[in-house]
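Notes for the one structure printed next.
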Amino acid sequence: MPLHERTYNCANCGFQAERDFNAAVNERKLCE
């Protein structure tokens, strides 16, 4: 994802999240 894009959009399910928030969620899932 390029740095100029601020919103993550999932092409499969339509989920949208602010890029930094989505990164934090993914990091947390890796730690569980």
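Quick note: the working numbering has the sequence shown finishing at residue 36, numbered continuously throughout.
Virtual Cβ for every residue (Gly too), placed ideally from N, Cα, C.
Keep in mind it's a predicted model, so treat the numbers as computed, not measured.
Residue pairing of glutamate 22 in beta bridges, as defined by DSSP: Thr11. For glutamine 20 against asparagine 30, the beta-carbon gap comes to about 15 Å, at or over 8 Å, which does not count as contact. Annotated three-state conformation of asparagine 30 is helix, per DSSP.
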